[in-house]
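K.L.:
The first sequence begins at 2 in the working numbering and counts up by one. The structure under discussion is supplied below as structure tokens; questions concerning it will follow.
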Amino acid sequence: MIKIYSTLTRKLEEFKTIEPGVVKWYNCGPTVNGLMHLGHARSAIAFDTIRRYLEYRDYKVEYIMNFTDIEDRMIEVSIKEQRPVLEVAEEYLSYFRRDMASLNLKPATIHPRAMLHMNQMIESIEKLIEKGVAYESEGDVYFDVRKFDEYGKLSNQKLDNILQEGTEDADNPKKKFPADFTLWKKMKPGEPYWPSPWGKGRIGWHSECSTMSMLYLGETLDIHSGGQDLIFPHHENEIAQSESLTGKQFANYWLHNGFINIDKEKMSKSLGNFVNIYDLLKYYSPDAVRLFVLQTHYRSPIIFTEDAMDQAQVTVDRLFDVVLLTKNYADETKKVDDAKLSDSDKDLLEKIKKAREDFVEAMNEDFNTSNGLAVVFDYSREVNEYLRKAEDVNGSVINEADKLFDELRVIFGLFEDFNSYLTIDLVEKLIKLLIELRGEFRKEKNWEMGDKIRDDLKEAGITLEDTPKRILWKLT
RNA sequence: GCGGAGUUAGCAAAGCGGCCAUGCGGGAGUCUGCAAAACUCUUGACGGGUGUUCAAAUCACCCACUCCGCUCCA
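Following this line, the structure appears as structure tokens:
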């Protein structure tokens with residue numbers, strides 16, 4: 002049984018999907034007005050890993066992650082850089098895709114973009130006005146939060162308290178009530194616009210996620226996720242809009258990841274203290290970044306330091322060593338034959354089984370990757386011990402160990418470029434080395450060793466031809 | 001002011017009533033022609049106080065400090 006902590010109830014809940022075996026999940030993606038930074042990456046890696054785990058547990062995950070490409074901040078960049086919003090969006094979107102691929106983040110089932118869903122959003126706003134929960138005011142449209150009784154339920158705040166400090170331009174005279182939020186924003190001169198029943202303008206930020214999630218996943222989602230900073234007002238507003246529209250619960254589980262801090266201060270665009278993924282990957286491997294993030298539970302804050310990143314790099318490199326060793330000694334052509342097992346074989350098989358169970362147990366508890374990794378480290382030590390100390394290495398047993406490593410690395414998204422380690426380039430180097438060694442033996446008239454190398458290579462499918470000028474080799 | 005999270009060994013980070021985390025690092029050892037790796041043992045922790053309990057890092061209360069949200073942010 003998988004347990005999930007939901008922000009809405011503030012406790013662990015048993016995970017049950019609406020439709021058996023299918024997870025409908027909407028994750029709030031980034032605004033593409035800049036490069037992907039470690040904060041985005043933390044969120045993306047955490048949820049990517051949870052998604053991979055759910056898939057491992059045989060769920061079909063319909064994972065939608067949007068890109069916000071039309072919004073105040075997009076327009077700011079557009080004006081600053083003197084080029085159309087669409088062009089800005091395209092550029093940063095391509096950088097995001099690049100960085101996401103570098104971090105081995107699985108693409109979402111669909112990555113919808115706000116700009117391409119204007120009509121649907123306008124329709125949603127019209128319906129909200131028809132229902133009497135939204136109103137037009139001088140070309141703007143606002144949501145009337147007093148019409149939604151449960152406003153504040155996600156962020157656990159009462160409307161009175163929200164009002165104390167006010168919200169988004171609280172003193173705006175066009176609003177009936179200070180906490181009302183914008184659904185449609187009238188254009189200002191020079192800004193991009195779309196036509197609507199209320200005149201030229203653009204969508205308010207909170208509309209896109211409601212509209213697009215319902216469009217692709219239906220009126221109630223299993224999971225809705227994002228960074229903790231989105232709880233208020235973004236997700237609160239999404240709930241207000243969506244539930245007013247449908248009368249149904251918008252999402253059953255609300256997941257929010259913790260922040261990355263630098264020097265005890267939140268990493269954010271507004272503070273300008275963020276670490277770009279593109280730059281970070283010049284110094285650390287993608288695996289190190291993933292491990293760095295996953296060592297901490299997804300809801301806890303992470304303090305970024307170079308020291309911690311260095312540690313993650315060392316750790317992941319060592320883990321890779323044993324995974325690679327295991328792969329080298331695994332024999333997938335043979336099945337485990339109970340009659341031929343030594344005590345150490347049986348012992349390892351037992352440990353593999355136990356590790357798999359312990360791992361599942363750890364992850365079932367609100368996706369505790371920290372404990373999950375502890376299981377992996379214990380397990381890798383056991384495999385190392387076997388590989389180095391067992392009287393005979395049984396290829397079929399090691400193959401079982403390799404299978405578990407494969408399962409684990411797929412879930413954590415580690416060592417994806419695994420197969421590229423055995424390249425034709427490496428084969429060439431090895432063959433040249435053997436030819437050189439054989440040359441040394443022949444110089445010493447050690448024909449026996451020289452012939453052994455030639456014969457064994459032929460056995461392996463590589464033929465050497467001794468010609469007067471040089472030695473040629475070919476794959477047979 | 002309101003709402004929330006936290007303070008665990010040199011560093012990172014789980015645990016959330018009784019026993020082990022785990023990773024990086026430090027020390028010793030095993031192996032060993034050299035090197036590297038690995039394995040074993042070891043080091044060392046629960047912010048401060050007061051309670052509850054047979055038993056507390058874990059529960060309650062108080063104090064101190066930190067961070068986050070209430071404004072664009074993952």
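The beta-carbon is built from N, C-alpha and C at its ideal position, and this holds for glycine as well. None of the values given here were measured: they were computed from a predicted structure.
Roughly how far, in whole angstroms, is the beta-carbon of Thr-69 from the beta-carbon of Thr-32, given that I think they are within contact range, below 8 Å?
P.N.:
4 Å
K.L.:
Under a three-way DSSP split, which group does Met-75 fall into?
P.N.:
helix
K.L.:
If I measure Cβ to Cβ from Gly-22 and keep anything under 8 Å in the same chain, skipping five residues before and after, which residues do I get?
P.N.:
The answer, listed in chain order, is Asp-59, Tyr-60 and Lys-61.
K.L.:
Measuring alpha carbon to alpha carbon, tell me which residue in Leu-325, Ile-303, Thr-327 and Arg-291 is nearest Ala-313.
P.N.:
The candidate whose alpha carbon is nearest that of Ala-313 is Arg-291.
K.L.:
Contact defined as beta carbons within less than 8 Å: I believe His-207 pairs with Gly-227. What is the distance between those atoms, to the nearest angstrom?
P.N.:
Going by Cβ atoms, the distance from His-207 to Gly-227 rounds to 12 Å, so no, they are not a contact pair.
K.L.:
Could you tell me which whole alpha helix (DSSP H) segments of length 4 or greater appear in the segment 354 to 413?
P.N.:
If we require 4 residues or more, the alpha helix (DSSP H) runs fully inside the segment 354 to 413 come out as 370 to 390 and 396 to 413.
K.L.:
Could you tell me which residues DSSP pairs with Phe-228 in its beta bridges?
P.N.:
The question names Phe, but residue 228 in the sequence shown is Gly. Answer is Asn-258, bridged to Gly-228.
K.L.:
Considering Ala-317, what are the terminal residues of the alpha helix (DSSP H) in which it resides?
P.N.:
Sequence check: residue 317 is Val here, not Ala. First-last of the alpha helix (DSSP H) with Val-317: 307 to 330.
K.L.:
Would you list the residues sitting across from Ala-135 in a DSSP beta bridge?
P.N.:
Its beta-bridge partners are Phe-144.
K.L.:
Label Thr-424 either buried or exposed according to how many other C-beta atoms from any shown protein chain fall within 10 Å of its C-beta, with 16 as the threshold for buried.
P.N.:
exposed
K.L.:
Within 10 Å of its beta-carbon, does Arg-455 have 16 or more other beta-carbons around it, so buried, or fewer, so exposed?
P.N.:
buried
K.L.:
Could you tell me if Asn-329 is buried or exposed, where buried requires 16 or more neighbouring beta carbons within 10 angstroms of its beta carbon?
P.N.:
exposed
K.L.:
Met-215: buried (16+ other C-beta within 10 angstroms of its C-beta) or exposed?
P.N.:
buried
K.L.:
Would you mind sorting Tyr-380 into buried or exposed? The rule is 16 or more other CB atoms within 10 Å of its CB.
P.N.:
Counting of Cβ neighbours within 10 angstroms places Tyr-380 among the buried residues, the total reaching 16 or more.
K.L.:
Would you call the segment 320 to 335 and the segment 403 to 420 touching, i.e. three or more CB-CB distances under 8 Å?
P.N.:
Yes: the two stretches touch, three or more of their Cβ pairs being nearer than 8 Å.
K.L.:
Terminal residues of the continuous alpha helix (DSSP H) containing Leu-281?
P.N.:
278 to 281
K.L.:
Note down the Cα distance separating Trp-185 from Tyr-143, rounded to an integer number of angstroms.
P.N.:
Roughly 7 Å separates the two Cα atoms.
K.L.:
Looking only at DSSP bridge pairs, what is Ile-303 linked to?
P.N.:
Ile-261
K.L.:
Spatial neighbours of Lys-148 within its chain, please: CB distance less than 6 Å, with the 5 preceding and 5 following residues excluded, ordered by chain position.
P.N.:
Val-134
K.L.:
Identify whether Lys-177 lies in helix, strand or coil by the three-state DSSP scheme.
P.N.:
coil
K.L.:
Can you tell me whether Tyr-1 is helix, strand or coil according to DSSP?
P.N.:
Lying before the first or after the last residue shown, residue 1 is absent from the chain, which here runs from 2 to 477.
K.L.:
Identify, in the order they occur along the chain, each residue of the same chain with its Cβ nearer than 6 Å to the Cβ of Ala-238, setting aside the five sequence neighbours on each side.
P.N.:
Note on identity: in this sequence residue 238 is Asn, with Ala being the wrong assignment. Cβ within range, chain order: Phe-182 and His-207.
K.L.:
Could you have a look at Val-23 and say whether DSSP puts it in helix, strand or coil?
P.N.:
strand
K.L.:
Please classify Lys-430: does DSSP put it in a helix, a strand, or coil?
P.N.:
helix
K.L.:
For the candidate residues Ala-289, Ile-3, Ser-79 and Glu-14, whose alpha-carbon lies nearest to that of Glu-192?
P.N.:
For the residues Ala-289, Ile-3, Ser-79 and Glu-14, the minimum Cα distance to Glu-192 belongs to Ser-79.
K.L.:
Considering only the alpha carbon of each residue, which of Asn-34, Asp-418 and Lys-453 lies closest to Leu-435?
P.N.:
Lys-453
K.L.:
Which residues mark the beginning and the end of the alpha helix (DSSP H) in which Leu-94 is found?
P.N.:
86 to 103
K.L.:
Look up Tyr-6 in the DSSP assignment and give the residues it is bridged to.
P.N.:
Leu-13
K.L.:
Determine which residues share a DSSP beta bridge with Lys-187 and list them.
P.N.:
Gly-202
K.L.:
In whole angstroms, what separates the C-alpha of Gly-167 from that of Ile-353?
P.N.:
For Gly-167, the predicted model reports a pLDDT of 46, less than 50, meaning its position is unreliable and no value from the coordinates is stated.
K.L.:
Is it buried or exposed for Trp-448, if we count other Cβ within 10 angstroms and need 16 for buried?
P.N.:
exposed
K.L.:
Less than 6 Å between C-beta atoms, sequence neighbours within five positions excluded: which residues of the same chain meet that for Glu-137?
P.N.:
Trp-199
K.L.:
When the Cα atoms are used, what is the spatial distance from Val-428 to Glu-437?
P.N.:
Approximately 14 Å between the Cα atoms of the pair.
K.L.:
Do Asp-332 and Asn-385 have their C-beta atoms within less than 7 Å of each other?
P.N.:
no
K.L.:
Report the option in Asp-288, Ser-301, Leu-320 and Pro-302 whose CA atom is closest to the CA atom of Met-310.
P.N.:
Here the closest residue by C-alpha is Asp-288.
K.L.:
If Pro-113 and Tyr-217 are in contact, beta carbons under 8 Å, what's the gap, nearest whole angstrom?
P.N.:
With 8 Å as the limit, Pro-113 and Tyr-217 qualify as a contact, their Cβ atoms being about 7 Å apart.
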